[in-house]
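J.:
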Amino acid sequence: MSNAVMRHDRFLAWVGALALAVNLVAAWIALVAERGHPHEFHTYWAALFWTTTQMLTVSSQLPNPSSTAAHILDVFLELLSITIVTSIAGSWAAFFHHRRHMANAAPSAENGPRPSGAGAQP
């Protein structure tokens, strides 16, 4: 396995773990922040579902939060989701660009250097 593939795998694992951790903590914050408000979450799973949809979509059909803390959390999750999605997309693009570059370079490396015309002619 090439170094580029290993770095790509490590990066995606790190981003995935970070997103999961943030999602679990954000669900708890949403559950606590929305208590007593009109659209409160009655279970941790309902709060987790809301935070997950906020991280996976730009917006969802679920009711918006009512508390100030949940509004701030919502904006944070939206910004984080944009960052995560663009990071993953950029990582994949760099990975495939590197693979294409290496695939084009491999045949010339196997056949030796190409004559450049700069050397002496026989």
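Residues in the sequence shown are numbered from 565 upward in steps of one, following this note's numbering.
Ideal Cβ positions, reconstructed from N, Cα and C, are used throughout, including at glycine.
By the 10 Å Cβ neighbour count, where 16 or more other Cβ atoms means buried, how is Leu595 classified, buried or exposed?
T.: Result: buried.
J.: Could you compute how far the alpha carbon of Thr607 sits from the alpha carbon of Val649?
T.: C-alpha separation (whole angstroms): 28 Å.
J.: Pairs of beta-carbons, one from the region 628 to 637 and one from the region 650 to 658, closer than 8 Å: are there three or more?
T.: As far as the Cβ criterion goes, the region 628 to 637 does not touch the region 650 to 658, which means the pair count is below three.
J.: Would you kindly work out how many angstroms separate the C-alpha atoms of Thr615 and Leu641, rounded to a whole number?
T.: When rounded, the distance between both Cα atoms is 7 Å.
J.: Considering only residues of the same chain and omitting the five flanking positions on each side of His601, which have a CB-CB separation below 6 Å?
T.: Ser630, Ser631.
J.: Should Ala590 be labelled buried (16 or more other beta-carbon atoms within 10 Å of its own) or exposed?
T.: Buried, because 16 or more other Cβ atoms sit within 10 Å of the Cβ of Ala590.
J.: Skipping 5 residues on each side, what residues in its chain have a beta carbon closer than 7 Å to that of Glu604?
T.: Glu598.
J.: In its own chain, which residues sit with a C-beta less than 6 Å from the C-beta of Pro627, not counting the 5 before and 5 after it?
T.: Excluding residues within five positions, the ones whose Cβ falls inside 6 Å are His603.
J.: Can you tell which of Ala611, Leu644, Val579 has its C-alpha closest to the C-alpha of Thr621?
T.: Comparing Cα positions, the closest option is Leu644.
J.: In whole angstroms, what is the alpha-carbon distance linking Val613 and Phe659?
T.: According to the sequence provided, residue 613 is Phe. The question's Val does not apply to it. Phe613 and Phe659: Cα-Cα distance of roughly 31 Å.
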